[in-house]
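**Q** Protein sequences appear in the order of chains X, D and S.
All you need for this note's numbering is the position in the first sequence, starting with 1, plus 33.
All you need for this note's numbering is the position in the second sequence, starting with 1, plus 1.
All you need for this note's numbering is the position in the third sequence, starting with 1, plus 292.
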Amino acid sequence: MRHEILDAPDFGLLKLTLDAGEKVVAESGAMVAMGPSIAVDTKMRGGFLAAAKRKLLGGESIFQNTFTASAGGQELYLAPPVEGDLARRELAPGETFFLQSGNYLAHVGDQLVLDTQWGGVRSFFGGIGFFMLKVVGPGTLFYASYGAIHEVAVGAGGYTCDTGHIVGFTSGLEYKVRPFAGFKGLFFSGEGLVCDFEGRGSLFVQTRKAPSLAAFLHPFRPVQQRGDN
Amino acid sequence: MHFDIQYRPTHSLAIAHLEPEESVRAEASAMVSMTRNLTITTDGPMGGRGGLLKSFKRAMLGGETFFTNTFTARGTPGHVTLAPTLSGDMLAIELARGEPLYIQGSSYVAAPDSVDLDTRWQGLKGFFSGESLFFLEATGTGPVLVNAFGAIEELDLNGDIIVDTGHLVAFGAGIEYEVTKASRGWIASYLSGEGLVLRMSGRGRIYLQSRNPNEYGQAVGSELPPRQG
Amino acid sequence: MQHYIEHGPAFAWLRTRLEPNESIVAEAGAMVRRSTALEVETRLNASKKGGFVGLIVAFFVALMRKFFGGETMFVNEFGGPQGGEVVLAPKLSGHILRKTLDGTRTLFVQSGGYLASTAGIDTLLRFGGLRTLFGGEGLVLIQCTGQGDVFVNSYGGITEVPIDGQFVVDTGHIVAFDGALDFKVRSIGGAKSFLFSGEGLVCEFRGRGTVYIQSRNLKALVSWITPLLPG
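1. Any heavy atom of the ligand HEM closer than 7 Å to the Cβ of X:D43?
2. Just how far apart, CA to CA, sit D:F128 and D:L197?
3. What's the gap between the Cα of X:L47 and the Cα of S:G405?
4. Decide if the region 310-323 of chain S is in contact with the region 392-399 of chain S; the criterion is three or more beta carbon pairs, one per stretch, under 8 Å apart.
5. Note down, in chain order, each residue of its chain lying with its Cβ closer than 7 Å to the Cβ of X:K167, except the 5 sequence neighbours on either side.
6. Name, please, each residue of chain D whose Cβ falls closer than 7 Å to the Cβ of S:M323.
7. Hey, how far is the Cα of S:D414 from the Cα of S:G438?
8. Which of the residues in the region 450-467 of chain S, read from start to end, lie with their CB under 8 Å from any CB of chain X?
9. May I ask you to list the residues that DSSP assigns as paired with D:D5?
10. Mind reading off the beta-carbon distance from D:R26 to D:T71? Whole number of angstroms is fine, and I expect it under 8 Å.
11. Can you list the beta strand (DSSP E) stretches of 3 or more residues lying completely in the region 168-198 of chain X, in chain order?
12. CA-CA distance, D:T40 and X:F213?
13. Would you mind stating whether X:G232 and X:V185 have Cβ atoms separated by less than 8 Å?
14. Can you list, in chain order, the residues of its chain whose CB lies under 8 Å from that of X:T193, leaving out five sequence neighbours each side?
15. Any Cβ of chain D within less than 8 Å of the Cβ of X:A177?
16. Take the Cβ of S:N526 as the centre, count every other Cβ of all protein chains shown within 10 Å, and call the residue buried at 16 or more, exposed below.
17. What distance in whole Å lies between the Cβ atoms of D:L158 and D:G205, which are believed to be in contact at a cut-off of 8 Å?
18. Under the assumption that S:S315 contacts S:G371 (Cβ atoms under 8 Å), give the Cβ distance between them as a whole number of angstroms.
19. Kindly say whether S:G361, judged by its beta-carbon, lies nearer than 8 Å to any beta-carbon of chain X.
20. Examine chain C for any beta-carbon lying closer than 8 Å to the beta-carbon of S:W516, and answer yes or no.
21. Between the beta-carbon of D:L96 and the beta-carbon of D:T142, is there less than 8 Å?
22. I need the straight-line Cα distance from D:G151 to D:Q210, nearest angstrom please.
23. Are D:V147 and D:M201 touching if we call contact CB-CB under 8 Å?
24. Grouping DSSP H, G and I as helix and E and B as strand, with all else coil, what is D:S184?
25. Once DSSP output is grouped into helix, strand and coil, what is the label at X:F249?
26. Please report the distance separating the alpha-carbon of S:I505 from that of S:A468.
27. DSSP puts S:M323 in a beta bridge; with which residues?
28. Report the neighbours of D:N70 on chain S: residues whose CB is nearer than 7 Å to its CB, in chain order.
29. Pull up the CB-CB distance for D:E179 and D:L199, whole angstroms please, since I reckon it's below 8 Å.
30. Can you say whether X:E37 is buried or exposed, counting buried as having 16 or more other CB atoms within 10 angstroms of its CB?
31. Can you name, in chain order, every residue of its own chain whose Cβ lies under 8 Å from the Cβ of X:A181, other than the five neighbours on each side?
32. Report buried or exposed for X:A125, applying the criterion of at least 16 other Cβ atoms within 10 angstroms of its Cβ.
33. For S:A468, which of helix, strand or coil comes out of DSSP?
34. May I ask you to list the residues that DSSP assigns as paired with S:F400?
35. For S:R309, which three-state DSSP category applies?
36. For D:Q210 and chain X, any beta-carbon pair shorter than 8 Å?
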């Protein structure tokens, strides 16, 4: 399988070329374009109804599509929903990487684990909307950012980051989520929380965040007419 | 204190570097991340520089969130990283004493204490769209951090020009403006989709952004599920 | 006419310098700034005439279509006896591409992708199939013919894909394509997949020609942000 990242860092687009039998798992909605000999299979974690309910209510669920090529040289283009950068991370067996769920794009490798049940899954964003995935290797992970990716080497002094701006971080960092006293906004899900990091590791920061966009777009929504259910 | 702007022009991030005891005042929702040696005070109607009336006026008429935060480094140098809501560029415009800068309400991000901000009530409204124009008047010395939705064009005007206000970031002294029709006649102006349009004349600098937040909000917002009225 | 595509690839805008009596037609709301000497004519794209009566008729046609369902397209034509400069910008972030038509070719542009065109280009709203099966819209296309330039804009980057055979593209990622290509809109992989896979509709292209794809999709952004919106 060959991979190429196009249009980065503004609008990262992942171009994969698959040989017969090769497959890649991707977030639902990520497919841009593909060759004629690729089959798509939809996986729903935890069963049909449970997964559907979680998707509709925004709970911890990812719908994924598995793309399998039945011929050689099949092109597959994948894109995340927001504008920004796109990166690849190779994970060694047992290597852990924490990733904001909204930033997950795709992965290659049957043994890669996306854990949505670990202890800290809900603590970063106030329990609504996105959650923190725990990704464990081996495998290849592709993820996106809303905005640019700004890498911070966390060291002796520690570092604080608004949770909506966290793309991911490496294991080896301790984290503590708390309300940010200085923030008094409209409290769209996840706003107003920051994370204090300590220890040694890398923090990947994105330069835009989803709750602010939600707050900006909210007044532009159509108004519910009386009589709609 | 100085601003270091990275990832220009699409997903810009401004790093405000602070020497010990130096401060920067920023829009409440602009904070992305920071070193842990900063203290933060929230300026609102009950306190902060400028006192009760100035902050309140700015909050009600400036089109911004209600509060600003003042970040101060303690003991050692530190930094806070800042970003606006929408994608696009940022620019630190250096103010000279005696030369005011007029900034569209939603374009202001941050400035040191040596910059004074006041609201200038314009009382201009679009005839059909209900759009209004709010400007902040920045005086004093030092860098003012502004954001643009899109890329920034610095236009040195000597004469006159017709401008769509949704694309207006800021302008300097020496420029007059008046509301004008977007097209021939009132019906046409309504159908033209242009919103509030100004005829600007004189000699001075105009800062434009290459996207219009209202157009973007409507394009995306109209596709979102309806909200309670 | 001189044209300059500036601030690409992420926030491109189109700056045009018009000669006396030259004109450019742009989608409604696209103007950033213009010379004060330029005149502006607002009309429905299909009608070549402006004027007061033409405008009243256009207004009622638009109202009718709005109530009974359907698309309308208002455009502004900029031009004047002195010429002048006008800058046009799309609504979403992305790039602008100029396509020149010589009178023999047709270009289909997805409705959100049309920014502007020169006077010799005819534009017609067309509908690309699979409308009401799941409440979707299929493809709303603008068929461009004639001689002159068409300026298309993308949401995200533009990738040119030459086709010789078959290719499948998510409909939300189509910017434009050659009229010579056969296309068919369908849902991906059966009913269950459509409802839950996230991929709504795809367009199957066959033949020889070029498809221009964009690296972002408005419907995908909507799905992504919706769980974060309050009630």
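Note that CB positions come from ideal geometry on N, CA and C, so glycine has one too.
Just so you know, these numbers come straight off a predicted model, no measurement behind them.
**A** Answer, in terms of the structure:
1. The ligand HEM is absent from the structure shown, which contains no ligand whatsoever.
2. For this step, residue 128 of chain D is matched to residue 127 along the second sequence. For this step, residue 197 of chain D is matched to residue 196 along the second sequence. For D:F128, the pLDDT reaches just 47, beneath the cut-off of 50, and the residue's location in the model is therefore unreliable, although a value from the coordinates is still provided. One Cα belongs to D:F128, the other to D:L197, and the distance between them is close to 8 Å.
3. As a first step, residue 47 of chain X is located in the first sequence; it is residue number 14 there, counting from the start. As a first step, residue 405 of chain S is located in the third sequence; it is residue number 113 there, counting from the start. Take the alpha-carbon of X:L47 and the one of S:G405: they are about 22 Å apart.
4. No: fewer than three Cβ pairs fall under 8 Å.
5. Position 134 of the first sequence, counted from the first residue, corresponds to residue 167 of chain X. Once the five neighbours on either side are set aside, the close Cβ partners of X:K167 are T129, F131, D148 and W151.
6. Position 31 of the third sequence, counted from the start, is the residue given in the question as residue 323 of chain S. Those are D165 and E195, listed as they occur along chain D.
7. Taking the first residue of the third sequence as position 1, residue 414 of chain S is located at position 122. Taking the first residue of the third sequence as position 1, residue 438 of chain S is located at position 146. Approximately 6 Å, taken between the alpha carbons.
8. Those would be T451, V453, G457, Q458, F459, V460, V461, D462 and H465, in chain order.
9. As a position in the second sequence, residue 5 of chain D is number 4, starting the count at 1. Note: D:D5 sits in a beta bridge opposite D:I16.
10. Indexing the second sequence from 1 puts residue 26 of chain D at position 25. Indexing the second sequence from 1 puts residue 71 of chain D at position 70. About 5 Å; that satisfies the 8 Å criterion.
11. Note on the region 168-198 of chain X: whole beta strand (DSSP E) runs with a minimum of 3 residues are 172-177, 182-187 and 192-195, in chain order.
12. Taking the first residue of the second sequence as 1, we reach residue 40 of chain D at position 39. Taking the first residue of the first sequence as 1, we reach residue 213 of chain X at position 180. Going by the C-alpha atoms only, they are around 12 Å apart.
13. Numbered from its first residue, the first sequence carries residue 232 of chain X at position 199. Numbered from its first residue, the first sequence carries residue 185 of chain X at position 152. No, these two residues do not count as a Cβ contact at 8 Å.
14. Translated into the one-based positions of the first sequence, residue 193 of chain X becomes position 160. Excluding sequence neighbours, X:T193 sits near V227, C228, D229 and F230.
15. Here residue 177 of chain X refers to the residue found at position 144 when the first sequence is read from its first residue. Cβ-Cβ to chain D under 8 Å: no for X:A177.
16. Since the first residue of chain S shown is 293 and the last is 523, residue 526 of chain S is not available in this structure.
17. Taking the first residue of the second sequence as position 1, residue 205 of chain D is located at position 204. Taking the first residue of the second sequence as position 1, residue 158 of chain D is located at position 157. Contact between D:G205 and D:L158 holds: their C-beta atoms lie close to 6 Å from each other, under 8 Å.
18. Position 23 of the third sequence, counted from the first residue, corresponds to residue 315 of chain S. Position 79 of the third sequence, counted from the first residue, corresponds to residue 371 of chain S. Approximately 3 Å separates the beta-carbon atoms of S:S315 and S:G371; this is inside 8 Å, confirming the contact.
19. Indexing the third sequence from 1 puts residue 361 of chain S at position 69. Because the pLDDT at S:G361 is just 45, under 50, the model does not fix this residue reliably, and the point stays unresolved.
20. The chain inventory of the structure shown lacks chain C, comprising the protein chains X, D and S.
21. What you label residue 96 of chain D is simply residue 95 of the second sequence in a count that begins at 1. What you label residue 142 of chain D is simply residue 141 of the second sequence in a count that begins at 1. D:L96 places its beta carbon less than 8 Å from that of D:T142.
22. Start at 1 with the first residue of the second sequence, and residue 151 of chain D comes out as number 150. Start at 1 with the first residue of the second sequence, and residue 210 of chain D comes out as number 209. Going by the C-alpha atoms only, they are around 6 Å apart.
23. In the second sequence, counting from the first residue as 1, residue 147 of chain D sits at position 146. In the second sequence, counting from the first residue as 1, residue 201 of chain D sits at position 200. For the 8 Å CB-CB criterion, D:V147 and D:M201 do not form a contact.
24. Here residue 184 of chain D refers to the residue found at position 183 of the second sequence. Here D:S184 sits in coil by DSSP.
25. For the purposes of this step, residue 249 of chain X is identified with residue 216 of the first sequence, where counting begins at 1. Annotated three-state conformation of X:F249 is helix, per DSSP.
26. On the third sequence, position 213 is the one that residue 505 of chain S refers to. On the third sequence, position 176 is the one that residue 468 of chain S refers to. Each residue's alpha carbon lies about 7 Å from the other.
27. Residue mapping note: residue 323 of chain S aligns to position 31 of the third sequence, counting from 1. BP columns for S:M323 point to S:L380.
28. Here residue 70 of chain D corresponds to residue number 69 of the second sequence, with the count starting at 1. For D:N70, none of the residues of chain S pass the 7 Å Cβ criterion, the least Cβ distance being about 23 Å.
29. For this step, residue 179 of chain D is matched to residue 178 along the second sequence. For this step, residue 199 of chain D is matched to residue 198 along the second sequence. D:L199 and D:E179 do touch by the CB rule: their CB atoms are close to 7 Å apart, below 8 Å.
30. Start at 1 with the first residue of the first sequence, and residue 37 of chain X comes out as number 4. The residue in question, X:E37, is exposed, as its Cβ has fewer than 16 Cβ neighbours within 10 Å.
31. Within the first sequence, the letter at position 148 stands for residue 181 of chain X. Answer for X:A181: P42, G117, D118, Q239 and T240, listed in chain order.
32. Along the first sequence, read from residue 1 onward, the residue named residue 125 of chain X stands at position 92. It is exposed - the Cβ of X:A125 has fewer than 16 other Cβ atoms within 10 Å.
33. As a working note, residue 468 of chain S is residue 176 in the third sequence. Residue state, collapsed to three classes: strand.
34. Indexing the third sequence from 1 puts residue 400 of chain S at position 108. Under DSSP, S:F400 shares a beta bridge with S:Q435 and S:F469.
35. Taking the first residue of the third sequence as 1, we reach residue 309 of chain S at position 17. Correct three-state label for S:R309: strand.
36. Position 209 of the second sequence, counted from the start, is the residue given in the question as residue 210 of chain D. Interface annotation, D:Q210: not in contact with chain X, CB-CB separation never under 8 Å.
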